[in-house]
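Chemist:
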Amino acid sequence: MPSVNNTITSPTITTPSVNNTTTNPTISAPPINSFEGKYMKGSVATDNVLCSDIGRNILLKGGNAVDATVAALFCIGLMDTHSTGMGGGHIMTIYKANEKKCYVVDARHTAPLASNSTMFGNNSYPSEYGWLSVAVPGEVAGQWAAYKNFGSYKNPNKKVSWKDLVQPTVDLLANGYPVSHALQDAFDEKADYLWKEPTMRWAFNPNTQYGNITWKAGDLITTRQNHKNFHQIIADCENGCADGANPHEVFYNSGWAQKMADEFKGAGGIITVDDFHAYNAKIRSDDQIIYSYHKNGRVICGPPPPSSAAVVQSMLGILD
1 MPSVNNTITS PTITTPSVNN TTTNPTISAP PINSFEGKYM KGSVATDNVL
51 CSDIGRNILL KGGNAVDATV AALFCIGLMD THSTGMGGGH IMTIYKANEK
101 KCYVVDARHT APLASNSTMF GNNSYPSEYG WLSVAVPGEV AGQWAAYKNF
151 GSYKNPNKKV SWKDLVQPTV DLLANGYPVS HALQDAFDEK ADYLWKEPTM
201 RWAFNPNTQY GNITWKAGDL ITTRQNHKNF HQIIADCENG CADGANPHEV
251 FYNSGWAQKM ADEFKGAGGI ITVDDFHAYN AKIRSDDQII YSYHKNGRVI
301 CGPPPPSSAA VVQSMLGILD
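In UniProt numbering, the protein residues as written are 1 to 320.
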């Protein structure tokens, strides 16, 4: 178990005085929910402490780093609804220490089959807002691919299951999850759009009698029960269920995929059930990974384009 130092060190600031001498007053550190400390085996860091806790708990149960990442990612899909979730995608870089190699799970969302380069003309608005702006989601495919290829799925002595990774997020949806300040800022920024979009208004506006009133920091969101039910189906389907042979099949090849496609069609979108059927996350092998070599034997790896790994590595090379 990682060692934890629960002592908070107060920061020191330097302030010039009138006679040009300096003093170093001590100010109290704000309360934090995370533990300061030196961790011997590993740690989990996400945008939200609840999600970090979920990832840490998976490690404590005996899951590996990929298991913890998948669990935390499901949670972040709620806590950072404005930037991630089941409707999005991701690129996950994994380093296998026993092989000294990197792998990438490429679960980027993709353009619908019916899209084309001139579909938006000179109007950028529908490329950013509305049903035409939505790409085919890769999130669930990537989470399942990561767990299946690099998580505990193949471990005959595994101590965590797929359900262990998803159920904490189901529980948050069931009991209500708190709005963070970052999420409130996103709600406030898009309040007009949320009010005008009927598929979002009911979920993110606690009082639909009045426009532009969204959830505020500290409020518990309890309105996403359909989302909870779908998460529960995904959680329960590691070894098959009524809706499919595994979570990927449930999301992309079951009647749920048809329901999502029908909703897109009814709202003017172009994603079809064929788009869902065609989607698969890609495992990028070592020969497709971008490596850079730096001083003191340091090596950096990252995914190929369209990720920005090559750019970041070039910048670090200049600094090195």
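The beta-carbon is built from N, C-alpha and C at its ideal position, and this holds for glycine as well.
Would DSSP call A56 helix, strand or coil?
Modeler: Strictly speaking, residue 56 in this sequence is Arg, with Ala absent from that position. R56 falls in the helix class under three-state DSSP.
Chemist: According to DSSP, P178 sits in a beta bridge with which residue or residues?
Modeler: L220
Chemist: Go ahead and label N239 buried or exposed: buried means 16 or more other beta carbons lie within 10 angstroms of its beta carbon, across all protein chains shown.
Modeler: exposed
Chemist: Below 8 angstroms on the Cβ atoms is my guess for L173 versus H231; work out the distance and round it to an integer in Å.
Modeler: Confirmed, Cβ separation roughly 6 angstroms.
Chemist: Report the rounded CA-to-CA distance for P156 versus K61, giving the unit in angstroms.
Modeler: 15 angstroms
Chemist: Alpha carbon to alpha carbon, how far is V160 from A97?
Modeler: 21 angstroms
Chemist: Using C-beta distances below 6 angstroms, list every residue in its chain close to M315, excluding the 5 sequence neighbours before and after it, in chain order.
Modeler: Excluding residues up to 5 positions away in sequence, nothing lies with its Cβ nearer than 6 angstroms to the Cβ of M315 in the same chain.
Chemist: Here's a check: name, in chain order, each residue in its chain whose Cβ is nearer than 7 angstroms to the Cβ of A281, leaving out the five neighbours to either side.
Modeler: Hits under 7 angstroms: V105, D106, A107, G138, A141, G142 and A145.
Chemist: Would you decide whether N64 is buried or exposed? Buried here means 16 or more other CB atoms lie within 10 Å of its CB.
Modeler: buried
Chemist: Answer yes or no: do L103 and D286 have a C-beta to C-beta separation smaller than 8 angstroms?
Modeler: Contrary to the premise, residue 103 reads as Tyr rather than Leu in this sequence. The Cβ atoms of Y103 and D286 sit closer than 8 angstroms to each other.
Chemist: Can you tell me which of the three DSSP states S314 falls into?
Modeler: helix
Chemist: Kindly indicate which residue of G268, A309, D275 and H294 has the alpha-carbon position closest to the one of Y129.
Modeler: G268
Chemist: Pull up the distance between the alpha-carbon of T93 and that of P303, whole angstroms please.
Modeler: 7 angstroms
Chemist: Buried or exposed: A278, going by 16 or more other Cβ atoms within 10 Å of its Cβ?
Modeler: A278 counts as exposed, since fewer than 16 other beta carbons sit within 10 angstroms of its beta carbon.
Chemist: Is the CB-CB distance between K216 and V179 below 8 angstroms?
Modeler: Against a cut-off of 8 angstroms, the Cβ pair of V179 and K216 comes out as a contact.
Chemist: With respect to the alpha helix (DSSP H) encompassing S127, which residues constitute its N-terminal and C-terminal limits?
Modeler: Residues Y125 to E128.
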